[in-house]
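Same order as they appear, the protein sequences are chains A and B.
Just so we're on the same page, my numbering is the position in the first sequence counted from 1, plus 60.
Just so we're on the same page, my numbering is the position in the second sequence counted from 1, plus 60.
Heads up, the thing below is written out as structure tokens.
There are 2 protein chains.
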Amino acid sequence: MSEVNYKNLDKTAAYTKLKKTAKPSLKKLINAKRISTCTINAGGGLTYNYSAKAVTDEIIDQLGILALEQQLIQKYMSILSGERMNTGEDRMVLHQLTRGQTISAVTEKGRDIGEFYREQQKRIANFADGVHSEQIKGSTGKPFDTVVQIGIGGSDLGPRALYLALEGWAEVNGKSKMDALFISNVDPDDATSVTASIDPETTLFILVSKSGTTQETLTNQAFVLDIINKTGPKGLIPSKHMIAVTSQTSPLSSSAEFLDCFYIDDNIGGRYSSTSAVGGAVLSLAFGPDVFKAFLAGAHEADVCALEADIRGNASMMDAMLGVYERNILGYRSTAVLPYSQALSRFPAHLQQLDMESNGKSVNREGEPVEYSTGPVIFGEPGTNGQHSFYQLLHQGTDIVPLQFIGFKNSQRGYDLDIDGSTSQQKLNANLAAQITAFALGQNDENPNRQFSGERPSSLIIGQDLNPEALGALLAHFENKVMFQGLIWNINSFDQEGVQLGKVLAKKLLGGDGSIPVLEAYFNLLN
Amino acid sequence: MSEVNYKNLDKTAAYTKLKKTAKPSLKKLINAKRISTCTINAGGGLTYNYSAKAVTDEIIDQLGILALEQQLIQKYMSILSGERMNTGEDRMVLHQLTRGQTISAVTEKGRDIGEFYREQQKRIANFADGVHSEQIKGSTGKPFDTVVQIGIGGSDLGPRALYLALEGWAEVNGKSKMDALFISNVDPDDATSVTASIDPETTLFILVSKSGTTQETLTNQAFVLDIINKTGPKGLIPSKHMIAVTSQTSPLSSSAEFLDCFYIDDNIGGRYSSTSAVGGAVLSLAFGPDVFKAFLAGAHEADVCALEADIRGNASMMDAMLGVYERNILGYRSTAVLPYSQALSRFPAHLQQLDMESNGKSVNREGEPVEYSTGPVIFGEPGTNGQHSFYQLLHQGTDIVPLQFIGFKNSQRGYDLDIDGSTSQQKLNANLAAQITAFALGQNDENPNRQFSGERPSSLIIGQDLNPEALGALLAHFENKVMFQGLIWNINSFDQEGVQLGKVLAKKLLGGDGSIPVLEAYFNLLN
């Protein structure tokens with residue numbers, strides 16, 4: 061293997077050539093044969109279809125050359141091998157290791173980190189089994205039937221989206237063990253409304269903060285404990301109703317306030333932590349450890365798929381490179397994520413964090429400003445709902461927005477009805493097929509209001525069923541896409557220094573430091 | 061009043077001048093005095109603050125001249141007077157009339173349309189009172205305690221966002237009359253999961269479709285009726301558990317399948333229908349007719365505010381013009397809506413439809429292509445949640461995204477706790493003030509990863525409490541902003557031809573029409 065070296069996108073030979081390639085017409089490219097051949101296995105039973113992207117074989121070849129020149133696979137292997145690829149924070153990047161060891165063991169100070177992750181997963185599984193078998197009960201003797209996760213950002217969006225994604229599947233497959241609720245916002249209305257809907261005697265709280273210092277989460281912990289103390293029955297011991305997920309070095313880790321404590325480490329970024337104890341605790345409690353294990357297996361399968369060197373055989377790399385082409389050559393600024401599955405209602409919100417927090421950067425991994433666009437704006441809602449909302453702009457607006465469709469052959473809950481000659485699931489997927497086609501081909505009409513220019517590119521991820529394996533692969537697909545794009549842009553996708561300044565200023569205000577008049581003036585407006 | 065005439069933005073003298081104005085530094089402009097003076101009454105107890113916008117007095121003057129040249133107030137008055145401003149569909153645009161008559165009565169074929177809207181509101185109020193007083197009960201004799209709205213797009217997003225926005229307020233103010241749930245997606249999992257959580261005997265369904273032909277909504281009606289028939293007790297009569305909101309000309313309007321029917325008309329667009337019977341039925345049932353009335357009063361107050369000719373005294377016009385400046389002069393492509401209130405969790409999703417479906421157009425009102433950018437991409441999540449998600453890109457990404465903050469002095473549910481010297485509400489608002497400041501001023505740091513360039517513009521809408529009046533004004537503020545922007549761009553903000561092609565193609569597929577091979581091929585992938 062050649063030496064790994066890092067350079068900015070605009071210093072690569074392939075990018076210069078790519079800029080010179082002719083921009084083809086999607087309408088002319090697309091046909092039934094292309095639809096059946098432009099498809100890649102994405103793991104977990106998913107396939108990635110890129111037939112509705114406006115790229116010729118020549119452009120794909122050139123994107124493959126760029127991927128080679130930027131040494132994507134070698135750098136991915138560096139990540140898997142435990143190199144300190146989070147350069148800004150001088151940390152390893154090991155979320156892939158939480159779902160399986162791919163190359164070799166990763167050790168730090170003599171400790172096998174994969175073993176550490178597996179051990180935590182096993183501890184969580186035992187704990188969840190104990191709760192489900194009622195060996196572990198609430199302090200007043202009642203079994204736990206509800207779990208409430210207190211966390212924000214990566215400790216909320218991913219786990220919440222995944223819980224919602226599997227809730228229906230679990231119900232019809234006999235895997236519903238506990239209801240899960242989430243408290244995230246420091247707005248007191250959030251904790252007040254969630255706690256009003258639960259019974260403290262039968263509720264287990266999960267406090268999730270890697271650092272153990274997150275303002276919102278610690279505030280909500282105190283808030284919830286106060287409410288339990290005030291409203292719970294005599295004899296209820298709050299510490300017997302709360303577990304923690306944190307790092308071993310955090311102030312929470314040795315606290316007597318918790319029934320138990322499960323660990324992550326600094327090599328897992330918040331937005332990448334759904335496959336660690338951060339997602340593991342709540343998902344194992346809600347659905348059972350075997351469901352979480354199947355979810356990890358799907359993610360691991362996608363991670364292995366991402367090792368393929370040929371761009372035409374690597375779904376997340378292809379997705380990443382097409383996104384780079386659209387962002388840097390075609391100049392598109394945002395991407396819509398459009399799952400045709402109500403169960404994925406909050407999945408776009410998770411991807412919004414994953415992508416925008418990872419690649420919304422202006423300096424390269426050495427801290428030098430980059431001269432090209434990096435991460436786009438990500439947004440989305442489930443179809444068909446979105447069709448009756450923002451699709452107008454997607455079809456006829458003045459900017460082109462690339463689209464990422466997701467669809468499944470079967471509905472999740474299985475119950476369906478033939479109405480007017482088709483089931484609801486058939487109607488759902490007919491709409492999905494219709495949208496891809498309409499965006500690509502458009503339509504001429506004498507009425508200019510009904511003119512559709514088409515030429516609007518999309519991709520489609522398809523699965524048989526939205527089950528734990530497919531969900532794991534779906535998550536990992538996007539994580540790996542974001543990783544590859546960050547490597548192309550030569551940025552560090554694994555820190556988030558951009559969130560710090562606001563935190564510092566909020567602390568100043570609350571600490572009574574009046575040294576910034578503008579800050580004071582805004583706060584005064586709100587008091 | 062001079063004659064009203066319509067011209068494209070790039071044909072105005074003011075736009076040409078605007079392009080030549082110097083682009084100021086926000087860091088240099090902003091100070092405590094500006095923060096206290098750049099503020100406009102927005103109705104309903106709200107104020108709009110634009111101190112963190114990168115505009116000089118000269119630019120605002122020029123934006124005011126552009127507003128004059130495009131005759132915004134005259135055209136708004138044309139709308140209020142019932143001119144057929146929805147040119148594409150040859151319809152009037154009368155959503156403002158649903159909350160109050162501002163200039164004069166609007167008649168069509170001899171009928172006073174305002175009177176018609178008031179009559180429907182009164183009929184809904186009487187019906188809701190009948191349900192609440194248990195004079196109207198379910199067919200098995202039990203009182204109704206739950207309402208389920210079946211609708212999609214404008215019949216879903218607005219009413220749902222507004223219900224969630226007032227749920228907490230209603231609880232603490234003794235106005236919670238019924239729980240509300242929503243079914244929108246044609247995905248069978250949506251209707252299956254909602255119906256699994258309700259008791260058919262005590263549930264009242266509201267079927268909402270203006271045309272009475274919306275595929276998703278009619279499918280879900282049949283779906284729900286089937287489930288009720290299968291799972292409800294003997295003796296339950298489904299038609300006694302469903303009301304309709306539709307137009308008088310729709311196939312639903314005279315159906316015996318409904319307990320009662322309330323009407324809208326073609327002069328109300330779906331995304332503007334929250335203040336009509338579409339929002340009125342569900343909100344009056346959930347919270348009582350007086351709450352809906354107060355909500356309308358707040359919206360009407362904002363509509364009256366929007367008549368002010370001076371841009372510096374007209375909040376929605378200022379908001380609109382600053383958006384045009386950022387879109388067409390500075391070239392920004394998207395806008396984030398960031399409410400610091402958990403109750404507004406789905407309000408950004410409603411604004412996404414409102415804005416993108418209204419102004420995502422490429423032809424002017426005469427059907428000629430425009431040569432400038434129109435509506436931006438709209439996205440958002442509540443703060444502080446968003447801070448731990450996509451704010452990284454907003455602070456340090458390569459594109460600038462203008463921000464619309466919304467904040468309230470008080471929390472909605474009132475329950476709060478002092479933790480470490482501040483309440484949760486103070487922490488929430490300290491974060492809001494900190495973010496505006498951080499985006500505007502940025503921060504120099506020797507570590508380039510921690511460098512914040514600042515110069516990222518935002519506006520702030522502030523209210524005392526998120527109550528019905530404030531919510532009404534908030535909704536109308538954005539509706540009027542979108543209207544003014546559409547008038548500046550000389551487009552028709554009131555049709556949505558861009559959603560038609562997909563519907564037509566989906567019907568072709570379901571009808572077995574195999575004439576488009578690409579369409580067939582995509583559908584086959586999903587079967």
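For each residue, glycine too, the CB sits at the ideal point set by N, CA and C.
Small disclaimer: the values here were computed from a predicted structure and weren't measured.
When you compare each of the options to residue i by their alpha carbons, which one comes out closest?
i      : options                           : result
A/P248 : A/D286, A/T444 and A/A530         : A/D286
B/Q281 : B/H155, B/N245, B/T162 and B/P293 : B/N245
B/L226 : B/R406, B/P429, B/P436 and B/G571 : B/R406
A/E506 : B/G427, B/T99 and B/F265          : B/G427
A/G558 : B/N584, B/S299, B/N186 and B/F450 : B/F450
A/S141 : A/L296, A/Q156, A/H410 and A/V578 : A/Q156
B/K270 : B/L222, B/M302, B/A369 and B/D326 : B/D326
B/E129 : B/I196, B/Y110, B/N388 and B/K67  : B/K67
B/L488 : B/F465, B/S315 and B/N419         : B/F465
B/Q442 : B/P399, B/Q452 and B/I460         : Residue identity check: residue 442 of chain B is Pro in the sequence provided, not Gln. The shortest Cα separation from B/P442 among B/P399, B/Q452 and B/I460 belongs to B/P399.
A/Q556 : A/P436, A/N550 and A/E417         : A/E417
A/S193 : A/P203, A/S199 and A/Q131         : A/P203
Taking Cβ-Cβ distances shorter than 7 Å, what residues in chain A pair up with residue i?
i      : result
B/N245 : Q402, P442, T444 and N445
B/Q412 : S449 and F450
B/L501 : V578
B/S482 : L570
By DSSP, does residue i sit in helix, in strand, or in coil?
i      : result
B/P408 : helix
A/E168 : strand
A/M61  : Low per-residue confidence applies at A/M61: pLDDT is 49, beneath 50, and the placement is therefore not dependable, though the value from the model is reported in the following sentence. Correct three-state label for A/M61: coil.
A/Q464 : strand
B/P429 : strand
B/I297 : coil
A/D326 : coil
A/C321 : strand
A/Y66  : coil
A/F176 : helix
B/F450 : coil
B/T483 : strand
A/S307 : strand
A/I163 : coil
A/N245 : coil
B/R473 : coil
A/G572 : coil
A/G214 : helix
A/A114 : coil
So residue i contacts chain B; which residues on that side make the cut at Cβ distance below 8 Å?
i      : result
A/I95  : V578, A581, Y582 and L585
A/S433 : T458 and D459
A/K469 : L586 and N587
A/K71  : The contacting residues do not exist; A/K71 stays about 17 Å from chain B at best.
Opposite residue i in the DSSP bridges: which residues?
i      : result
A/S269 : A/S269 pairs with nothing; no bridge assigned.
B/D239 : B/T206
B/M302 : B/F265
A/V437 : A/S394
Can you pull the chain B neighbours of residue i, defined as C-beta to C-beta under 9 Å?
i      : result
A/H54  : Only positions 61 to 587 of chain A appear in the structure, and residue 54 of chain A is not among them; the question remains open.
A/K421 : Q452, L453, Q456, G457, T458 and N509
A/R473 : P248, D249, T252, S253 and A256
Please compile the residues from chain A whose C-beta is within a distance smaller than 9 Å of the C-beta of residue i.
i      : result
B/H57  : The question about residue 57 of chain B has no answer, for chain B in this structure spans 61 to 587.
B/M416 : S449, F450, Y451, Q452, L453, L454 and G457
List, in chain order, every chain A residue whose beta-carbon is nearer than 8 Å to that of residue i.
i      : result
B/N109 : L585
B/A498 : L561, G562 and L565
Would you mind telling me which residues of chain B sit closer than 7 Å to residue i, beta carbon to beta carbon, in chain order?
i      : result
A/L217 : S449
Which parts of the segment 493–563 of chain A are runs of the alpha helix (DSSP H), unbroken and 4 residues or longer, counting only runs that do not cross its ends?
The qualifying runs are 528–549.
As an exercise, report each continuous beta strand (DSSP E) stretch of at least 3 residues that is fully enclosed by the segment 341–400 of chain B, in chain order.
As summarised for the segment 341–400 of chain B, the continuous beta strand (DSSP E) elements at least 3 residues long and confined to that stretch are 394–400, given in chain order.
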